[in-house]
Structures are given as C-alpha cells and as structure tokens.
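Just below is one structure, and these are the notes that go with it.
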DNA sequence: TAATGTATTTAGTGTGTCCTAAATTCTCTT
DNA sequence: AAGAGAATTTAGGACACACTAAATACATTA
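Residue numbers (our numbering), protein chains in the order written: chain U, 121 to 350; chain B, 121 to 350.
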C-alpha cells in the first residue's frame, strides 16, 4: 500500500494496532502496553510491532518509550474509538439485520471496519435503531467518540455462591468459544445465579435459563456480569 | 501487504485489475486489452500496470503477450466475476436496504467488495430478494459465476427519431453524471421516446416521464435501452 | 523502406508491512 | 552487585504496489 493521500487516513494494520493498544491499555487500567502484548494480539512478530509503533509515533498517534511500552495520544485514542465504533456497529448490524450468529460476526467486522465509510456505519446504526451495545455486550462509541464503560460490571469469577447477576458482556472473540457459550445460553441479558464454586481453580456452576452450567474458569473470566437489580 | 496465505486470495488492486480487464475485454468484444486502457481505468501509471499484469500472469489469471495486450484466463474470468458479483450485490443492497442514492453507491461498493465475504454477499442478496440487476441496470453474476448480458440492449444513440424504448442500463460510474441523469428520470425502467436527434453530433432529445430531456451525446452513449415491447 | 510518434516495458526508487537472526536493554534472582 | 533469562529493538531481507525516467518495440505515414 502506498502513501495514503487523504490526510489522517490510516492503513488497516495501523487501525488494528491502535485498536489493540486501546483495548489492552483499558484492560491494564491505563498502564503502558508492551510490544509483546501487541504482537500477541495482532498475530505478528514482536519486531514488526516495533516498526508499526514507530510509524504511529511519527504520526503522533501513540507515544513510545523504548523498552517501556506504548500509550495512545488523544488523537490516537480518537482514531481507535472511531475504528471501534465501526467494528461494533457492523457486528450489531450483521446480527440484527442480516441474521448472523453472534459467533461469526467478529472476523467479518474485522475486515469491513477498514473499508466502511462513516456514512455507511451511520446508516447501519440508524437502520437498527442506534444500538448502544454490540452483540457481545460491549458498548458502542458514539459518533462523537464518547464511550460509556459500565463501571459496575465484574467478571463472573468475582461472584460468590448464591449471588445473582445478569450477564452484561462476553469479552471473547473466538468463534468456537462463543458458539459454545451461546449453546449454554451464556449470552448478554441472561440472568444467572452462582450455584457452586469448585475449589482450587475449578469450574463455576451457574443456573442460567433454568439449567445448571459448568464453566471452566478461563471461560468464566471472560463473562462479565452486572449486579441483578430486583 | 505480505504474501497472502489463503490459496487463491487476491489483493484489492489485483481484484480491481481483473475486473477492469473483464470490463474492457467485454467492451472491446473480446479483443485483448492494452495496458494503457487499464492504466487509464485504474488511475495508475502504465508502468504500474505492466508490473501488476506480470504478477497476475504468474498466478495464471491472465495471459500477457508483451506489447500486444492482456487477456483473462478462465480462472481470471471466474475471479473477475466473483468480484463483480460482490460489487453489484453490495450496490443493490446499499440502495434497497440502506437508502443510498444510486449515485453514491459505486465508491462505497468499490471498497467493500474486497473485504466482504461470500457469506455476507449471499446474505445481502437474500435479504433483498436475490436481485438480478444492480441499481444501474447491470446484470449481477450468479453465485456460480454465470452472467446474462442482454443481447438486445443498445446505446440510446443507436435509436432513430420516433423510436420508443425502455432504459435498461446506465454504464457510467461518475456520481455527478449519475445524479444529473437521476434528476432527469433517466434511470433503468423508464420508458422513453426519441423526439429529436440534432445533427452533427448534437444532443438527443427524448421524452421521459412526460418531459422532454436533452442529452449530450457523451451522456446518451452511456445510456443503454432495450426495445419497448408493447 | 525509413522515419516518426506513440505505446509499452525496463530500470531504479520509495513506502508499508511483514519476517528472521542478532544485538541490546531490562529485570529479577542469587 | 552481577549474571541469567526474558523482552525489546536493530539489522537485513522480501514482497506488493506505486512512481518517474529511460529504453525499446510497434505501427503508420511519407
């Protein structure tokens, strides 16, 4: 790909990288993001990340303290949120308007987010009633770049036996795991109650939709819940 | 962009080039396509086309007789039709499902066609009732790669005064010209009658939707009509 | 048939993205 | 405080795609 003429236009790998920095920065609660994390997330060699980050730093989208990690600048954060909005609107549209199952929208959106115009994304959002969360429960940034992360949300693993809650979000992108969770009705909006917590890193047993479900801790950690208000 | 791993995966510029070869080959009635034609169509320097064509030839998608033009192989034609189907289904979907005006779908589809999966395109087609022509009247290739070009279709310029016909297709991609034609109701499906043909390359005057419209020959040449059956 | 002008290809560059292998820096433990 | 091991960056390639400038082939006309 040659130099892009439109000012501010980013390449697809650059957008992906910014999105990844945003995501990991948030997961790390604002700490700097290591190139290794990024390499892992992006499926790319660590040395490649160094190069990408250098280009993004030249454009003023991230700051890079060599050997100490990457941070988004304000401009970088805006760009990341723009891409995130595209991604999540597209995912939601695919599910609501085109009947995609929730476990197969990620990869499609991953490609489309780089070529869809703002107009298209806005039309999609309008067509399905301006959704505020995507099919996995993740908040959709607004046109203006705002985003509301629900502070009350915790991982399912943080609940105690007897706690009731509602599934708010599933932070997993792997199709197989999502399909599995879907088959168990472990999806945003479902009410659950923790029935049992097996000791020493064992499974968590919840009642969901009237059935008992055993969730491996690795899976349960990806399931975020909000306190049941009843 | 690095070497693509999926077998048969083409880069966006390669897909664009194949589509252009297909289109020009058809317009030239099967004659070989010159690199200059392609350069013009793709908005790229002629030397760049030579390089692109070389890569496509290495992949067995075109044959290239140096200094004498390019031809699609069967595999190349299949690839071109796959892209063309994506493009035209997307254009039609944007108009029918998302309310786009017909003069603004081309550029959007031009980008999306390279990142939309077959599944997405098929779902779009299904959602709007498996259309057979796009908003400009161009036939949409089938999933299997077939395409039916209406043989009875002729340019508006080929009609004589007094002839009646129906607008079948507008072979123009420029947004401004399409918007203009749209404002004149010169769109697929409209019945017209040739009222006057100004001599020596002058305008063609047609009655369309009850109104008289003067069309410059360059514009009229892009308007294809099929004989009115009444 | 030779000359001329156009079309086309070759040669040489630059950019973005990726890689592997080798150096470097950091951190943690002893 | 030093050294081992891990993380990171640098160095050196490769490939796709674009460019300009120069060389070459073609076709047409005088």
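For glycine and all other residues, C-beta sits at the position ideal for the given N, C-alpha and C.
Item, Value
"According to the Cβ coordinates, are residue 328 (chain B) and residue 310 (chain B) closer than 7 Å?", "yes"
"Flag this pair as touching only if the region 209–226 of chain B and the region 242–261 of chain B have three or more C-beta atom pairs under 8 Å; answer yes or no.", "yes"
"To the nearest angstrom, how far is it from the Cα of residue 300 (chain B) to the Cα of residue 137 (chain B)?", "28 Å"
"Which partner residues does residue 327 (chain U) have in the DSSP bridge list?", "U:313, U:332"
"Would you tell me roughly how many angstroms separate the C-alpha atoms of residue 177 (chain U) and residue 338 (chain U), rounded to the nearest one?", "34 Å"
"Do residue 236 (chain U) and residue 206 (chain U) count as a contact pair if the criterion is CB distance below 7 Å?", "yes"
"Looking only at its own chain, which residues have a Cβ that is under 6 Å from the Cβ of residue 196 (chain U), when we skip the five neighbours before and after it?", "138, 181, 182"
"Quick check: is the beta carbon of residue 228 (chain U) nearer than 7 Å to any beta carbon in chain B?", "yes"
"Quick check on DSSP: helix, strand or coil for residue 182 (chain B)?", "strand"
"When the cut-off is 7 Å and only beta carbons count, does residue 176 (chain U) lie next to chain B?", "no"
"Which chain B residues sit within Cβ distance under 9 Å of residue 244 (chain U)?", "218"
"Taking buried to mean at least 16 other C-beta atoms within 10 Å of its own C-beta, is residue 203 (chain B) buried or exposed?", "buried"
"In this structure, does DSSP put residue 205 (chain B) in helix, strand or coil?", "helix"
"May I have the straight-line CA-CA distance separating residue 275 (chain B) from residue 284 (chain B), to the nearest angstrom?", "13 Å"
"Is it right to say residue 342 (chain B) is buried, meaning 16 or more other beta carbons lie within 10 angstroms of its own, or is it exposed?", "buried"
"What does residue 234 (chain B) touch in chain U if you count any residue whose Cβ is under 8 Å from its own?", "235"
"Mapping the DSSP letters down to three states, classify residue 189 (chain B) as helix, strand or coil.", "strand"
"Name the residue from B:174, B:213, B:286 whose alpha carbon lies nearest to the alpha carbon of residue 250 (chain B).", "B:213"
"Would you list the residues sitting across from residue 173 (chain B) in a DSSP beta bridge?", "Partner(s): none; residue 173 (chain B) has no beta bridge."
"Report the three-state DSSP secondary structure of residue 142 (chain U) (helix, strand or coil).", "helix"
"For residue 285 (chain B), does the three-state DSSP call read helix, strand or coil?", "strand"
"Excluding five sequence neighbours on each side, which residues of the same chain lie with their C-beta closer than 8 Å to the C-beta of residue 240 (chain U)?", "none"
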